[in-house]
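FYI, numbering that gives the first Met the number 0 numbers position 354 of the sequence shown as 353, with every residue one higher than the one before it.
The beta-carbon is built from N, C-alpha and C at its ideal position, and this holds for glycine as well.
Data first, discussion second: the structure below is written as structure tokens.
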Amino acid sequence: MKKHAPPARGLRQRMSDLHIWAGLLVGWLLYAMFLTGTVSYFKEEISQWMRPEVPHRADRPDPATVAERVTAGLQARAPDSTQWSFALPDDRNPLADAFWRKPAAQGRRAFESASFDPHTGQVVAARETRGGEFFYRFHFQFHYMPVLWGRWLAGICAMFMLVAIVSGVITHKKIFTDFFTFRLGKGQRSWLDAHNVLSVLGLPFHLMITYTGLVTLMLLYMPFGEQAAFKTPAERRTLTAQMSAFVQPQTPSGQAAPLAPIGPMVRQVQARWGADALGRVTIANPGDAVARVVVTRGDEGRVSVSPQYMLFEGSTGRLLEVRDRVGPAAETRGVMYALHLGRFSDGLTRWLYFLVSLAGTAMVGTGLVMWTVKRRARLPDPARPYFGFWLVERLNIAAIAGLSIAMAGMLWANRLLPVGMAQRAEWEVDVFFMVWGATLAWALLRPARRAWIELLWTAAAVLALLPVASWLTTGRHLLASLQAGDGVFAGMELTLWALAALHAVLALRTMRHQARLPRPRASAKAAVPRTPADGLAAEGGR
0 MKKHAPPARG LRQRMSDLHI WAGLLVGWLL YAMFLTGTVS YFKEEISQWM RPEVPHRADR
60 PDPATVAERV TAGLQARAPD STQWSFALPD DRNPLADAFW RKPAAQGRRA FESASFDPHT
120 GQVVAARETR GGEFFYRFHF QFHYMPVLWG RWLAGICAMF MLVAIVSGVI THKKIFTDFF
180 TFRLGKGQRS WLDAHNVLSV LGLPFHLMIT YTGLVTLMLL YMPFGEQAAF KTPAERRTLT
240 AQMSAFVQPQ TPSGQAAPLA PIGPMVRQVQ ARWGADALGR VTIANPGDAV ARVVVTRGDE
300 GRVSVSPQYM LFEGSTGRLL EVRDRVGPAA ETRGVMYALH LGRFSDGLTR WLYFLVSLAG
360 TAMVGTGLVM WTVKRRARLP DPARPYFGFW LVERLNIAAI AGLSIAMAGM LWANRLLPVG
420 MAQRAEWEVD VFFMVWGATL AWALLRPARR AWIELLWTAA AVLALLPVAS WLTTGRHLLA
480 SLQAGDGVFA GMELTLWALA ALHAVLALRT MRHQARLPRP RASAKAAVPR TPADGLAAEG
540 GR
């Protein structure tokens, strides 16, 4: 008897396989990248909350006066340094964060940093912390590995994400129709509906944020064009000028010359670009005859991060160069970089970035969960799954519920660790990873359904109690913040309670969820009798 060959798999079926495996293989890293990147849209506000010793002030001092105060502070603190650099305060950061090069030091330890009070020019005595900068750095270079390795790994994950998005659009021929359909309490169908809704809700944003994330590190991933186009040192300096505001300092002459007042230089920049359009002041070789001062334009209100700056002679204050435009290629890259970072945005736009990016995080999370929900029904014995399924399920629990606990754990460490503790900022980061590792261990040791419920309730509890712990350890509570008009502290703590409520809802829904297994065929019914308890066992409920 002639056997018929199985029908050929179509494009959508092949794209479905590609979509599933592209999302699963790096899904846990993608979830972490999305979530930490999402909170990074408020990294300045997180950093303020993590330095409660800094008092709230509604007024914003004159930038030229601040520049003079901070320069005087750096002169007193690091008189032998060959480079000073500080960011001027803005609406989101009330301090002047500075760093300077240590003489005869090399590598990562070649710099020291401090935050200056813009009203006094004195160093702020605040607790040591990485603040929101840790989440920002983690989302594209991870931690405990060389920076270049982390960025390569993030780029590989972003490329997988781009493939998953495109293949997902091709696979779901009714994806836009399904956006308006959500069937609650239907098991696998509900997870698919949620995944579709979250995918379509921010589809343009997800494409933009993934592609522009790759563009931000394009010279690392594809350096061949740069190497072919820029071969001499002079050409490479041109590229540097196009891509950043770093001006190569001259070799010190050894001839002493006092630094001219910084205030008039800053005022020239204000006259050209606006009173509040300043970013950073960098001084090379202060006190030398070849000193140079670079004042850069800020990113606020500018949908591009291409460098714009004014270069001054340090000893006289004479304007040497104005750089306010770059070439088309560099400007295109600057626009894409700005779209990814969202620093140009006002408060409302930043919240839109946050919410749509949070939906993207949920999109990745629902995709991971849907993989296990879909395959559990096909297991010969759902109570005893094969190792690969068991491992994916546990990694899902630790990556999704566990990451929320770990991020909250870092904020708890910020409030509970001794203020004067040595290497305090590093310990906060270590607590983040220790807590995350503990959630993985819990997921490995507990039944899957119980682990989901327990860790989601834990996340809700630690997020809800964090504002209380902050009040008890710092004396700053929500009512006082509202009365003082401190939007950063009040907004942070209200957001923590909102996220706690979200995790509580997820925990309740997980508790109430019952597995919906498909009806077995007649032959299967005869071969394997089933009991009503099988559904509960299939969910790992013990």
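For residue i, three-class secondary structure by DSSP
i, result
"Glu-43", "helix"
"Val-53", "coil"
"Leu-501", "helix"
"Val-122", "strand"
"Arg-520", "Its pLDDT being 45, under 50, Arg-520 is placed unreliably by the model, and the measurement read from it follows with that caveat. Coil at Arg-520, not helix or strand."
"Leu-17", "helix"
"Met-221", "coil"
"Ser-303", "coil"
"Tyr-143", "coil"
"Phe-133", "helix"
"Lys-373", "helix"
"Gly-154", "helix"
"Thr-246", "First, the amino acid is wrong: residue 246 is Val here, not Thr. Note: Val-246 maps to coil in three-state DSSP."
"Leu-216", "coil"
"Val-334", "helix"
"His-205", "helix"
"Glu-127", "coil"
"Pro-260", "coil"
"Val-487", "helix"
"Leu-87", "coil"
"Arg-235", "helix"
"Pro-466", "helix"
"Asn-35", "Correcting the residue identity first, residue 35 is Thr in this sequence and not Asn. Note: Thr-35 maps to helix in three-state DSSP."
Per DSSP, the bridge partner or partners of residue i
i, result
"Tyr-308", "Thr-295, Arg-322"
"Asp-96", "Ser-114"
"Gln-82", "Ala-283"
"Ala-255", "Asp-287"
"Leu-277", "Arg-296"
Of the listed residues the options, nearest to residue i (C-alpha basis)
i, options, result
"Pro-102", "Gln-82, Arg-414, Ile-261", "Gln-82"
"Glu-392", "Leu-402, Trp-370, Leu-378", "Trp-370"
"Asp-298", "Met-264, Leu-340, Leu-507, Ala-270", "Leu-340"
"Val-363", "Ala-157, Gly-484, Val-321, Pro-384", "Ala-157"
"Ile-282", "Trp-441, Ala-276, Val-294", "Val-294"
"Val-246", "Arg-279, Gln-269, Gly-26", "Arg-279"
"Glu-453", "Thr-509, Gly-484, Glu-52", "Thr-509"
"Ser-84", "Phe-229, Arg-291, Arg-317, Ala-125", "Arg-291"
"Ala-288", "Val-265, Trp-20, Gln-249", "Gln-249"
"Glu-225", "Thr-128, Tyr-135, Ala-328, Ala-479", "Ala-328"
"Arg-383", "Leu-347, Asn-413, Ala-447", "Ala-447"
"Thr-64", "Gly-262, Ala-397, Leu-462", "Gly-262"
"Ile-404", "Ala-163, Trp-441, Val-304", "Trp-441"
"Gln-47", "Trp-426, Leu-23, Asp-89, Trp-20", "Asp-89"
"Leu-493", "Leu-318, Ala-503, Ser-480, Val-504", "Ser-480"
"Met-49", "Pro-466, Leu-498, Arg-296", "Pro-466"
"Thr-473", "Ala-497, Pro-417, Phe-432", "Pro-417"
"Glu-111", "His-118, Pro-117, Tyr-135, Trp-99", "Trp-99"
"Leu-238", "Arg-332, Val-199, Asp-96", "Arg-332"
"Val-356", "Leu-24, Trp-20, Trp-27, Ser-39", "Per the sequence presented here, residue 356 reads as Ser, with Val not at that position. Of the listed residues, the one whose Cα sits closest to Ser-356 is Ser-39."
"Glu-43", "Arg-377, Gly-300, His-171, Gly-486", "Gly-486"
"Gly-498", "Phe-488, His-476, Ala-460", "Per the sequence presented here, residue 498 reads as Leu, with Gly not at that position. Of Phe-488, His-476, Ala-460, the residue nearest in Cα terms is Ala-460."
Alpha-carbon to alpha-carbon, residue j and residue i
i, j, result
"Leu-161", "Ala-259", "51 Å"
"Gly-120", "Gly-72", "6 Å"
"Gln-12", "His-18", "10 Å"
"Ser-15", "Gly-167", "7 Å"
"Pro-54", "Met-420", "22 Å"
"Phe-223", "Thr-231", "15 Å"
"Ala-270", "Ala-276", "10 Å"
"Pro-93", "Arg-59", "8 Å"
"Ala-240", "Gly-131", "29 Å"
"Arg-520", "Val-430", "Any reading at Arg-520 must be qualified, since the residue scores a pLDDT of 45, below 50, and its modelled position is unreliable; no value is offered."
"Pro-517", "Gly-387", "For Pro-517, the predicted structure reports a pLDDT of 49, less than 50, and the residue's modelled location is therefore unreliable. The matter cannot be settled from this model."
"Gly-201", "Leu-310", "41 Å"
"Met-217", "Met-242", "12 Å"
"Ser-469", "Arg-126", "14 Å"
"Leu-495", "Leu-462", "6 Å"
"Pro-531", "Ala-163", "Confidence at Pro-531 is low in this model, with a pLDDT of 33, below 50, so its placement is unreliable and the value that follows should be read with caution. Distance between the alpha carbons of Pro-531 and Ala-163 is about 38 Å."
"Asn-413", "Phe-133", "13 Å"
"Val-428", "Leu-87", "27 Å"
"Ala-153", "Trp-27", "12 Å"
Every unbroken alpha helix (DSSP H) inside the region 381–463 [4 residues or more]: 386–396, 402–415, 423–444
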